[in-house]
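According to the working numbering, the residues represented by the sequence shown are 241 to 312, in order.
Just so it is clear, CB atoms sit at the ideal spot from N, CA and C, and this is done for glycine as well.
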Amino acid sequence: MVQMIIHVIIFILIISYCMLKFTYKCFRNIIKKYVYDYHTIKEYNEYLGNLYCDLQRMEIRRRLYDDGGFDV
């Protein structure tokens, strides 16, 4: 009888371990996905910001050149 109880407890522990391991993998993949998406979006926004600054600089240079203010 005692041996049966020990086997049941060990079985429950093994099942619990497998469930926890699976849950950990799922959460890890979800977190990785959101972290990756966050960094990708952040880098893309930085790229667009830099591109916008470059376009503004080009426009300022063009206006100054057209006005004859500076020879750029």
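{"Check": "Alpha carbon to alpha carbon, what distance is there between Tyr274 and Ile300?", "Outcome": "39 Å"}
{"Check": "Any idea what DSSP makes of Met244, helix, strand or coil?", "Outcome": "helix"}
{"Check": "Straight-line CA distance for Ile270 to Glu286?", "Outcome": "24 Å"}
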